[in-house]
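Trainee: Here it is, the structure in full.
Number of protein chains: 2
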Amino acid sequence: MATKNRQVLLATRPKGYPKETDFTLVETEMPSPGDGEFLVKIHYLSVDPYMRGLMNDVKTYREPIPVGGVVIGGGVGTIIESRHPEYREGEVVVGYWGWQEYAVSDGSGVHRFDPAIGPMSTALGVLGMPGLTAYFGLLDIGKPQPGDSVFISGAAGAVGSVAGQIAKIKGCRVAGSAGSAEKVAFLDEIGFDAAFNYKEVSDYNSALREVCPGGIDIYFDNVGGPLTDAVFTQINPGARIVVCGQIDQYNAQEPPQGPRLLWHLIVKCARAEGFLVFQFEDRYEEGQRAMARWMAEGCLTHRETITEGIENTPEAFIGLFTGENTGKQLVKVAEPEQQ
Amino acid sequence: MATKNRQVLLATRPKGYPKETDFTLVETEMPSPGDGEFLVKIHYLSVDPYMRGLMNDVKTYREPIPVGGVVIGGGVGTIIESRHPEYREGEVVVGYWGWQEYAVSDGSGVHRFDPAIGPMSTALGVLGMPGLTAYFGLLDIGKPQPGDSVFISGAAGAVGSVAGQIAKIKGCRVAGSAGSAEKVAFLDEIGFDAAFNYKEVSDYNSALREVCPGGIDIYFDNVGGPLTDAVFTQINPGARIVVCGQIDQYNAQEPPQGPRLLWHLIVKCARAEGFLVFQFEDRYEEGQRAMARWMAEGCLTHRETITEGIENTPEAFIGLFTGENTGKQLVKVAEPEQQ
Numbered sequence: 001m002a003t004k005n006r007q008v009l010l011a012t013r014p015k016g017y018p019k020e021t022d023f024t025l026v027e028t029e030m031p032s033p034g035d036g037e038f039l040v041k042i043h044y045l046s047v048d049p050y051m052r053g054l055m056n057d058v059k060t061y062r063e064p065i066p067v068g069g070v071v072i073g074g075g076v077g078t079i080i081e082s083r084h085p086e087y088r089e090g091e092v093v094v095g096y097w098g099w100q101e102y103a104v105s106d107g108s109g110v111h112r113f114d115p116a117i118g119p120m121s122t123a124l125g126v127l128g129m130p131g132l133t134a135y136f137g138l139l140d141i142g143k144p145q146p147g148d149s150v151f152i153s154g155a156a157g158a159v160g161s162v163a164g165q166i167a168k169i170k171g172c173r174v175a176g177s178a179g180s181a182e183k184v185a186f187l188d189e190i191g192f193d194a195a196f197n198y199k200e201v202s203d204y205n206s207a208l209r210e211v212c213p214g215g216i217d218i219y220f221d222n223v224g225g226p227l228t229d230a231v232f233t234q235i236n237p238g239a240r241i242v243v244c245g246q247i248d249q250y251n252a253q254e255p256p257q258g259p260r261l262l263w264h265l266i267v268k269c270a271r272a273e274g275f276l277v278f279q280f281e282d283r284y285e286e287g288q289r290a291m292a293r294w295m296a297e298g299c300l301t302h303r304e305t306i307t308e309g310i311e312n313t314p315e316a317f318i319g320l321f322t323g324e325n326t327g328k329q330l331v332k333v334a335e336p337e338q339q
Numbered sequence: 001m002a003t004k005n006r007q008v009l010l011a012t013r014p015k016g017y018p019k020e021t022d023f024t025l026v027e028t029e030m031p032s033p034g035d036g037e038f039l040v041k042i043h044y045l046s047v048d049p050y051m052r053g054l055m056n057d058v059k060t061y062r063e064p065i066p067v068g069g070v071v072i073g074g075g076v077g078t079i080i081e082s083r084h085p086e087y088r089e090g091e092v093v094v095g096y097w098g099w100q101e102y103a104v105s106d107g108s109g110v111h112r113f114d115p116a117i118g119p120m121s122t123a124l125g126v127l128g129m130p131g132l133t134a135y136f137g138l139l140d141i142g143k144p145q146p147g148d149s150v151f152i153s154g155a156a157g158a159v160g161s162v163a164g165q166i167a168k169i170k171g172c173r174v175a176g177s178a179g180s181a182e183k184v185a186f187l188d189e190i191g192f193d194a195a196f197n198y199k200e201v202s203d204y205n206s207a208l209r210e211v212c213p214g215g216i217d218i219y220f221d222n223v224g225g226p227l228t229d230a231v232f233t234q235i236n237p238g239a240r241i242v243v244c245g246q247i248d249q250y251n252a253q254e255p256p257q258g259p260r261l262l263w264h265l266i267v268k269c270a271r272a273e274g275f276l277v278f279q280f281e282d283r284y285e286e287g288q289r290a291m292a293r294w295m296a297e298g299c300l301t302h303r304e305t306i307t308e309g310i311e312n313t314p315e316a317f318i319g320l321f322t323g324e325n326t327g328k329q330l331v332k333v334a335e336p337e338q339q
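These protein sequences, in sequence, are chains R and B. Under the numbering used here, think of the first position of the first sequence as 1, with each following residue one higher. Under the numbering used here, think of the first position of the second sequence as 1, with each following residue one higher.
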């Protein structure tokens, strides 16, 4: 058994876009669980855009990551030693272990993952936080009705691609935007009715009119910024704007400015609502079951981009902001044992 | 009986703030009702900020007022001649008659007003569109809970002053902003817990922290602009932003810019929702009854600012944007007969 643990620390607070030198890889002693704790061997780490916000020295919905601390992030692993009365060796668990190979936990914020419902990596993707974000965001905040016109920004990402497929399952017409021809092709593959590559478009307004000729009833927004400004001008009466992410702004060094948008909400009797997946924590199982069923029925597919090795976690994270990933971006830290 | 009608026409589309020369007073022949129509003698006209939007050459939720046309606006009057099977002479009716002394109508968009529930002028204020806007906006969009901290911008206006009092009735703590010391004193009189004069404040953030030390659960926004930007930074988790009006922007000649606000909705799991009172049309009677009861019980008071004479309607309208009115701004066109 290993005696060392490798960790990625926040070396310095990123200014603007994160760089590799903002992070540092260190080797430390293998942690040892105390009474009421267990030791997890991590197989996959998740890198997600929201982590960028936690790297600033600003309290949002949780404390910022301290400089010199292990970078916060979700992961899935196997318990290899337990001194906790409710967890046993061999159980697969999901938690905010941080960017490291091994972690000790007292069980707070931890969820068990049943390997029977899907491969372990899906615990961080379609059956994990991104999938649940899509599920509750679209269904509970967006409240789709058959025939609704849905537009999704960042549609080829881990959240957007699932949200779009759920919207199709619910009988909506679905269009989206993504950042490459490959991603647009992927959206076509998974059943989007229309999509455009926002990097190839000179005028968001006309691109939107083309993919959503009947206006927009639900906007699932992962991106924010000028694309969102354009969407606000094309919402239908009674529209719902699911404010899921604003990746366009996470690296801004000055408070981003833009046209004032609230007026559109009045004249369209529309609603913009933000959410965090944690507010639906007591319904995670409902979401996982629904999505596992849709996957089994073949109407929900998922894609993963997997980077190998803990040492490449910063690179994988940085790639989120340059559009490297299609679907869920993961880092494989250690091969999961055969289940 | 009079044989002439006086009307205020839109002479030209205002650029920025409206001026008296944007309007013109004309004398025309008294209109005559055809089959299925009735003739109304108007007693009070309403002037409201939303009318400014209808003076631009932009279709919003209704067509813009044509240049040379009678200015659109609500009024209350008495039917003095009827060839309509369902309306009788002597009935008091509220409708969008426009800025004139007499109007012919086929009954579309018309509501009867029962003079037993309040003076005729209240049909345009606390028991009319502004009161109903406050009622449905606060209760249906804001969903107040006892103990909620409510902040109201434009709090001394026809809508804000009613919304604040309803919030107090529902057990909330209520603070607001208004544009003069007299208005702030009026807010104190009608039971607001705290208020500030936004014209006397150098920093909205600290003014808000002072009047809402526990943050803001419901923001009833009549104003928009920099004050709203500051409120977004002080909302509590789960906050509801009732987007009722954006008077700060109605006279803008360029699309107004400001800090991007949607991010706040995510980290606070908050909702911003716009509405138009018309969407609650089938519940107007419920709202009127509730407010008439609260008035009778003494827990809802209202104030009116009344300008005399149809020829002074433009001046009364322009005064809305310079803060001349406390409570509901009306124009008395003709003395109502004793009921």
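Every residue, glycine too, gets a C-beta built ideally from N, C-alpha and C.
#1: Name the DSSP beta bridge partners of R/Val332, please?
#2: Consult DSSP for R/Gln165 and reduce its assignment to one of helix, strand or coil.
#3: Taking all protein chains shown into account, decide if B/Met30 is buried (16 or more other Cβ within 10 angstroms of its Cβ) or exposed.
#4: Check B/Lys15 in the structure and name its three-state DSSP category.
#5: Quick one: is B/Asp282 near chain R, going by C-beta distance under 9 Å?
#6: I'd like to check one pair, B/Pro49 with B/Tyr198: are the Cβ atoms closer than 9 Å?
#7: For R/Asp282, which of helix, strand or coil comes out of DSSP?
#8: Do R/Ser46 and R/Gln329 come within 9 Å of each other at the CB atom, strictly closer than that value?
#9: Would you say B/Ala272 lies against chain R (beta-carbon separation less than 9 Å)?
#10: Apply the 10 Å Cβ neighbour rule to R/Glu273 and answer buried if 16 or more other Cβ atoms are within range, or exposed otherwise.
#11: If you run the structure through DSSP and keep just helix, strand and coil, what is B/Ile79?
#12: Helix, strand or coil: which one does DSSP assign to B/Ile152?
#13: Buried or exposed: where does B/Val58 fall if 16 or more other Cβ atoms within 10 Å of its Cβ makes it buried?
#14: Tell me, please, whether the stretch 211-223 of chain R touches the stretch 146-165 of chain R by the rule of three or more beta-carbon pairs shorter than 8 Å.
#15: What are the uninterrupted segments assigned as beta strand (DSSP E) that are 3 or more residues long and contained completely in the stretch 88-140 of chain B, given in chain order?
#16: Ignore the nearest five residues each way along the sequence and tell me which others in B/Val67's own chain have a CB closer than 8 Å to its CB.
#17: Between the Cα of R/Cys269 and the Cα atoms of R/Ala175, R/Ile241, R/Tyr87, R/Thr21, which residue gives the shortest distance?
#18: Which residue comes first and which comes last in the alpha helix (DSSP H) that contains B/Leu266?
#19: Could you tell me the distance, in whole angstroms, from the CA atom of B/Gly319 to the CA atom of B/Thr313?
#20: Closest to B/Pro213 by C-alpha separation, out of B/Met129, B/Ser202, B/Ile235, B/Val201, would be which residue?
#21: Measure the alpha-carbon distance for B/Ala334 versus R/Tyr61 and round it to whole angstroms.
#22: What first and last residue would you give for the beta strand (DSSP E) that runs through R/Tyr219?
#23: Could you give the DSSP three-state label for B/Asn325: helix, strand or coil?
#24: Can the beta-carbon of B/Val126 be found closer than 9 Å to that of B/Arg112?
#25: Contact between the stretch 189-203 of chain R and the stretch 131-138 of chain R: three or more CB pairs below 8 Å?
#26: So what does DSSP say about R/Glu29, is it helix, strand or coil?
#27: Kindly indicate which residue of R/Lys4, R/Gly53, R/Leu25 has the alpha-carbon position closest to the one of R/Pro18.
#28: For the stretch 242-270 of chain R, list every residue whose C-beta sits within 8 Å of some C-beta in chain B, in sequence order.
#29: Does any residue of chain B have a CB that is nearer than 9 Å to the CB of R/Asp48?
#30: Taking only beta carbons into account, state which residues of the stretch 121-152 of chain R come closer than 8 Å to chain B, listed in chain order.
#31: Apply the 10 Å Cβ neighbour rule to R/Glu304 and answer buried if 16 or more other Cβ atoms are within range, or exposed otherwise.
#32: Would R/Asp221 pass as an interface residue toward chain B - the criterion being a Cβ-Cβ separation below 9 Å?
#33: Which residues bound the beta strand (DSSP E) around R/Lys4?
#34: Should B/Gln7 go down as buried or exposed, given a rule of 16 or more other Cβ atoms within 10 Å for buried?
#35: Assuming the contact rule is C-beta atoms closer than 8 Å, B/Asn5 and B/Thr24 should be a hit. Round their C-beta distance to whole Å, please.
#36: For R/Gly118, tell me which candidate among R/Phe321, R/Arg293, R/Arg173 has the shortest Cα-Cα distance.
Mentor: So, from the listed chains and residues:
#1: Sequence index remark: in the first sequence, residue 332 of chain R carries index 332 (1-based). Here residue 332 of chain R turns out to be Lys, not Val, going by the sequence shown. Bridge partners of R/Lys332: R/Tyr44, R/Glu308.
#2: To locate residue 165 of chain R, count along the first sequence from 1; it is residue 165. In the structure shown, R/Gln165 sits in a helix (DSSP, three-state: H, G or I).
#3: Within the second sequence, residue 30 of chain B is the residue found at index 30, counting from 1. Exposed, since its Cβ has fewer than 16 Cβ neighbours within 10 Å.
#4: The residue given as residue 15 of chain B occupies position 15 in the second sequence. The DSSP-derived three-state label of B/Lys15 is coil.
#5: The sequence position of residue 282 of chain B within the second sequence is 282, counting from 1. The C-beta of B/Asp282 comes no closer than 9 Å to any C-beta of chain R.
#6: Counting from one through the second sequence, the residue named residue 198 of chain B turns up at place 198. Counting from one through the second sequence, the residue named residue 49 of chain B turns up at place 49. Cβ distance not < 9 Å, so B/Tyr198 and B/Pro49 don't count as in contact.
#7: By 1-based counting over the first sequence, the position of residue 282 of chain R is 282. Correct three-state label for R/Asp282: helix.
#8: Numbered from 1 along the first sequence, position 329 holds the residue referred to as residue 329 of chain R. Numbered from 1 along the first sequence, position 46 holds the residue referred to as residue 46 of chain R. A distance below 9 Å separates the beta carbons of R/Gln329 and R/Ser46.
#9: One-based indexing of the second sequence puts residue 272 of chain B at position 272. Yes - at least one Cβ of chain R is within 9 Å of the one on B/Ala272.
#10: Working through the first sequence from its first residue, we reach residue 273 of chain R at position 273. So R/Glu273 ends up on the buried side.
#11: Taking the second sequence and counting its residues from 1, the one referred to as residue 79 of chain B is at position 79. Note: B/Ile79 maps to strand in three-state DSSP.
#12: Position 152 of the second sequence, counted from the first residue, corresponds to residue 152 of chain B. It is a strand residue.
#13: Within the second sequence, numbered from 1, the residue matching residue 58 of chain B stands at position 58. Result: exposed.
#14: yes
#15: 92-95, 102-105
#16: Here residue 67 of chain B is taken as the residue at index 67 of the second sequence, counted from 1. Only Leu10, Ala11, Thr12, Arg13 meet the Cβ criterion.
#17: The sequence position of residue 269 of chain R within the first sequence is 269, counting from 1. Nearest of R/Ala175, R/Ile241, R/Tyr87, R/Thr21 to R/Cys269, Cα basis: R/Ile241.
#18: Here the question's residue 266 of chain B lines up with position 266 in the second sequence. Residue identity differs from the one stated: residue 266 of chain B is Ile in this sequence, not Leu. It spans 262-267 - the alpha helix (DSSP H) in which B/Ile266 sits, taken as one unbroken run.
#19: Start at 1 with the first residue of the second sequence, and residue 319 of chain B comes out as number 319. Start at 1 with the first residue of the second sequence, and residue 313 of chain B comes out as number 313. Looking at the two C-alpha atoms, the distance is approximately 10 Å.
#20: As a working note, residue 213 of chain B is residue 213 in the second sequence. The shortest Cα separation from B/Pro213 among B/Met129, B/Ser202, B/Ile235, B/Val201 belongs to B/Ile235.
#21: Here the question's residue 334 of chain B lines up with position 334 in the second sequence. Here the question's residue 61 of chain R lines up with position 61 in the first sequence. Going from the Cα of B/Ala334 to the Cα of R/Tyr61 covers about 58 Å.
#22: For the purposes of this step, residue 219 of chain R is identified with residue 219 of the first sequence, where counting begins at 1. Segment 216-221, the beta strand (DSSP E) holding R/Tyr219.
#23: Residue 325 of chain B sits at position 325 when you count from the first residue of the second sequence. Coil, per DSSP.
#24: For the purposes of this step, residue 126 of chain B is identified with residue 126 of the second sequence, where counting begins at 1. For the purposes of this step, residue 112 of chain B is identified with residue 112 of the second sequence, where counting begins at 1. Contact annotation: B/Val126 and B/Arg112 have beta-carbon atoms that are not nearer than 9 Å.
#25: no
#26: Here the question's residue 29 of chain R lines up with position 29 in the first sequence. Looking at R/Glu29 - three-state DSSP - the assignment turns out to be strand.
#27: What you label residue 18 of chain R is simply residue 18 of the first sequence in a count that begins at 1. Cα-wise, what sits closest to R/Pro18 is R/Gly53.
#28: Closer than 8 Å at the C-beta level to chain B, one finds these residues of the stretch 242-270 of chain R: Val243, Cys244, Gly245, Gln246, Gln249, Pro255, Pro256, Gln257, Gly258, Pro259, Arg260, Leu261, Leu262, Trp263, His264, Leu265, Ile266, Val267, Lys268, Cys269, Ala270.
#29: Along the first sequence, one-based indexing puts residue 48 of chain R at 48. Chain B, which has no Cβ nearer than 9 Å to the Cβ of R/Asp48, makes this no.
#30: none
#31: Residue mapping note: residue 304 of chain R aligns to position 304 of the first sequence, counting from 1. With 16 or more Cβ atoms within 10 Å of its Cβ, R/Glu304 is classed as buried.
#32: In the first sequence, residue 221 of chain R corresponds to position 221, counting from 1. It does; some Cβ of chain B falls within 9 Å.
#33: As a working note, residue 4 of chain R is residue 4 in the first sequence. It spans 4-10 - the beta strand (DSSP E) in which R/Lys4 sits, taken as one unbroken run.
#34: Taking the first residue of the second sequence as position 1, residue 7 of chain B is located at position 7. Buried is the call here.
#35: To locate residue 5 of chain B, count along the second sequence from 1; it is residue 5. To locate residue 24 of chain B, count along the second sequence from 1; it is residue 24. That pair is no contact at about 14 Å.
#36: Translated into the one-based positions of the first sequence, residue 118 of chain R becomes position 118. Checked all of R/Phe321, R/Arg293, R/Arg173; the closest Cα to R/Gly118 is R/Arg293.
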